[in-house]
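In the UniProt record's numbering, the protein residues as written are 1 to 525. To keep things clear, I will list the structure first and then write my remarks on it.
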Amino acid sequence: MAESLQQLILDTLDAHSTIQDTRSLVIPGQSDPAVSQDAQITILGALNSLLSRDMVKFETREIISHVLTPEGSQIAVEGSHEARVWSALPAKGEGAPVTPVQLKKQVGDETAKVGQGRAFKNGWIGKEGDGLVKLTSNIKDVTQIDLLEIQSSGTLKSGEKDLADLRKRKLIVQRKGQWFTVHKGPEFSTSTAKPETDLTVDMLTSGAWKTSTFKKYNFEAEGAPTEGGSLHPLLKVREEIRNIFLEMGFAEMPTASFVESGFWCFDALFVPQQHPARDLQDTFYISDPPHSLHPEPEYYKRVSTVHEHGGFGSTGYRAPWSHEETTKLLLRTHTTASSAHMLYKLAAKCRGEDVEADVRPAVGVSKESSKDDGFRPAKLFSIDRVFRNETTDATHLAEFHQVEGVVADRGLTLADLIGFMRVFFNKMGIERVRFKPAYNPYTEPSLEIFAFHPLLDRWVEVGNSGMFRPEMLEPMGFPKDVRVHGWGIGLERPAMIQYGISNIRTLLGHKTSIEYIEDSPAPML
Numbered sequence: 001m002a003e004s005l006q007q008l009i010l011d012t013l014d015a016h017s018t019i020q021d022t023r024s025l026v027i028p029g030q031s032d033p034a035v036s037q038d039a040q041i042t043i044l045g046a047l048n049s050l051l052s053r054d055m056v057k058f059e060t061r062e063i064i065s066h067v068l069t070p071e072g073s074q075i076a077v078e079g080s081h082e083a084r085v086w087s088a089l090p091a092k093g094e095g096a097p098v099t100p101v102q103l104k105k106q107v108g109d110e111t112a113k114v115g116q117g118r119a120f121k122n123g124w125i126g127k128e129g130d131g132l133v134k135l136t137s138n139i140k141d142v143t144q145i146d147l148l149e150i151q152s153s154g155t156l157k158s159g160e161k162d163l164a165d166l167r168k169r170k171l172i173v174q175r176k177g178q179w180f181t182v183h184k185g186p187e188f189s190t191s192t193a194k195p196e197t198d199l200t201v202d203m204l205t206s207g208a209w210k211t212s213t214f215k216k217y218n219f220e221a222e223g224a225p226t227e228g229g230s231l232h233p234l235l236k237v238r239e240e241i242r243n244i245f246l247e248m249g250f251a252e253m254p255t256a257s258f259v260e261s262g263f264w265c266f267d268a269l270f271v272p273q274q275h276p277a278r279d280l281q282d283t284f285y286i287s288d289p290p291h292s293l294h295p296e297p298e299y300y301k302r303v304s305t306v307h308e309h310g311g312f313g314s315t316g317y318r319a320p321w322s323h324e325e326t327t328k329l330l331l332r333t334h335t336t337a338s339s340a341h342m343l344y345k346l347a348a349k350c351r352g353e354d355v356e357a358d359v360r361p362a363v364g365v366s367k368e369s370s371k372d373d374g375f376r377p378a379k380l381f382s383i384d385r386v387f388r389n390e391t392t393d394a395t396h397l398a399e400f401h402q403v404e405g406v407v408a409d410r411g412l413t414l415a416d417l418i419g420f421m422r423v424f425f426n427k428m429g430i431e432r433v434r435f436k437p438a439y440n441p442y443t444e445p446s447l448e449i450f451a452f453h454p455l456l457d458r459w460v461e462v463g464n465s466g467m468f469r470p471e472m473l474e475p476m477g478f479p480k481d482v483r484v485h486g487w488g489i490g491l492e493r494p495a496m497i498q499y500g501i502s503n504i505r506t507l508l509g510h511k512t513s514i515e516y517i518e519d520s521p522a523p524m525l
């Protein structure tokens, strides 16, 4: 139909030079002139196609019309509310007056409610006793007459005042329409053959290019923007944090193991087997396979002993030890399980074992660290995913990323940890940091870390830290004077602060905008 409509426009222009009003056209396949807006939209598509080839020029004419609402359409057929009320009443002195309750039963609640007031105002009805009667034998239902006129022509001859009254009564709605005046363009032709867009080998071989019409190239037009992948804001923050660690002399730990045993995730860290974190409310357990392989026997024995009976200066938990609990497989609740693996490897030479620790020594170690007992200081970090069975809200997810760091050296103090954390967060662009004493089974003393979120206008917990307990370090084989700082911060909450996000679910998940991901710069460039 598009080509036949274009041909109709061109033939009409060829015959009359100008089409004054496209509403006079009859679209091919239809019998009536194109007065509807749907028809004019179809015509606009044909005009734009011809305009792109400079075959026509046209001006747009706007027109305002009105259409009936469903209530207005009903009145156009059945009469106005006031007319229906008048029709339901007897003439004065010719019958028993109709009470308001009877009137509602005859014409309906809505018609009776609206129609009585307007019929009284028009002087059509009046009261007689407890009922209503007609005061006139004939009426002119102006509302119905006006709506019928609007239905046929889209407007009223009587003017805007009556239209405004009908709009106020929600019997009609205003619609903007358009039609077009069309003229011949510089490349006018009655042929609708589309110009060629490419010069082909066949055209050159046959010589058809000599008589072909080619589409004009617009050398000023911009090409379509290229689309490519973009790093998620969380990955940008991750890379910035990773660079901070590397700049401060840390080595990255391998953290590819999402599934850990209860031993490495809890027992090796001196977390009691009765701790609430092991309950199903906090931990996702694996059902197949349900249990892990046994850890190294001597280390396993030292860990179980310090839990159950104490040792290394500790009284332990004095609670029964469960072998089944320690071999359960689970989705790791923190990357500290990976830190425990690495610290165990780091302590290998202290135990007198010739094991490759795969740990880079720390830069700038103290003189005390140079004792010949096999210990070498280290600074390690990891950034990876952890899982906790939590209810999601504006600041919590069941799956998130943890930034983990450990520093192992002799003579470390809590002041060293606080000072390091202030420098670390300052490099991230977070200057307002607070610390609060806390309890962790595997660190003593322990500190919760809070950062101020300007958008939420409150302090938000971003991590936890402390000094690993002797009950955790000495069973691994570390000398008594070795201290280890440990801390973990969520990757998502610092990213929320950097990007001014108040709801974590807009940073991760199905509500995240693709445009937002593409447009978000790295926060600390």
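Positions of the beta carbon are idealized from the N, C-alpha and C atoms, including for glycine. It should be emphasised that the depicted structure is a prediction, and the values quoted were computed from it without experimental measurement.
Between residue 190 and residue 5, the beta carbon gap of about 14 Å keeps them out of contact (Cβ cut-off 8 Å). In this chain, residue 468 is not harboured by any alpha helix (DSSP H); it is covered by the beta strand (DSSP E) spanning 458–468. Take residue 352, set aside five residues on each side of it, and no residue of its chain has a beta-carbon closer than 6 Å to its own. When DSSP reads this structure, residue 487 sits in a beta bridge with 405, 465.
As computed with DSSP, residue 40 is found in no beta bridge at all. Residue nearest to residue 122 within the set 483, 110, 138 is 138 (criterion: CA-CA distance). Within its own chain, the residues whose Cβ lies closer than 7 Å to the Cβ of residue 347, once the five positions on either side in sequence are excluded, are 476, 477, 478, listed in chain order. Bounds of any alpha helix (DSSP H) do not take in residue 438; it lies within the beta strand (DSSP E) bounded by 433–440.
Taken in chain order, the unbroken stretches of beta strand (DSSP E) that lie wholly in the stretch 241–288 and span 3 residues or more are 259–261. A direct Cα-Cα distance of roughly 7 Å separates residue 20 from residue 182.
In the assembly as shown, residue 328 is a buried residue. Its beta-carbon has 16 or more other beta-carbons within 10 Å. When the alpha-carbon of residue 286 is set against those of 296, 260, 267, the nearest one is in 260.
In the displayed model, residue 422 falls within a helix according to three-state DSSP. Taking the C-beta atoms as reference points, residue 269 is found nearer than 7 Å to residue 340. Inter-segment contact for the stretch 80–92 and the stretch 106–123 is present: three or more beta-carbon pairs are separated by less than 8 Å. Per DSSP, reduced to three states, the secondary structure at residue 139 is coil, with no helix or strand assignment.
The C-beta distance from residue 449 to residue 421 rounds to 6 Å, short enough to meet the 8 Å contact threshold.
Between the stretch 467–475 and the stretch 489–503, the count of C-beta pairs closer than 8 Å stays below three; the two stretches do not touch.
The stretch 87–96 makes contact with the stretch 128–137, as at least three CB pairs between them are under 8 Å.
The Cβ neighbour count for residue 298, taken over all protein chains shown within 10 Å, is under 16; the residue is labelled exposed. By the Cβ neighbour-count rule, residue 503 is exposed, with fewer than 16 other Cβ atoms within 10 Å of its own.
According to DSSP, residue 49 shares a beta bridge with no other residue. Between residue 173 and residue 12, the C-beta gap is not smaller than 7 Å, which leaves the two residues out of contact. With fewer than 16 other Cβ atoms inside 10 Å of its own Cβ, residue 100 counts as exposed. When DSSP reads this structure, residue 384 sits in a beta bridge with 402. Two segments are said to touch when three or more pairs of C-beta atoms, one from each, lie closer than 8 Å; by this definition the stretch 58–76 touches the stretch 139–151.
For residue 304, the enclosing alpha helix (DSSP H) starts and ends at 297–308. Taking 8 Å as the upper bound for CB-CB distance, residue 88 and residue 106 are in contact here, some 5 Å apart. Contact check for residue 333 against residue 263 fails: the beta carbons are separated by 7 Å or more. The C-alpha of residue 36 is placed about 41 Å away from the C-alpha of residue 103. Taking a contact as a CB-CB distance under 8 Å, the pair residue 179 and residue 53 does not count as one, their CB atoms being some 22 Å apart. Using a 10 angstroms sphere on the CB of residue 206, the tally of other CB atoms stays under 16, which defines it as exposed. Our two residues, residue 55 and residue 14, have alpha carbons roughly 11 Å apart in a direct line.
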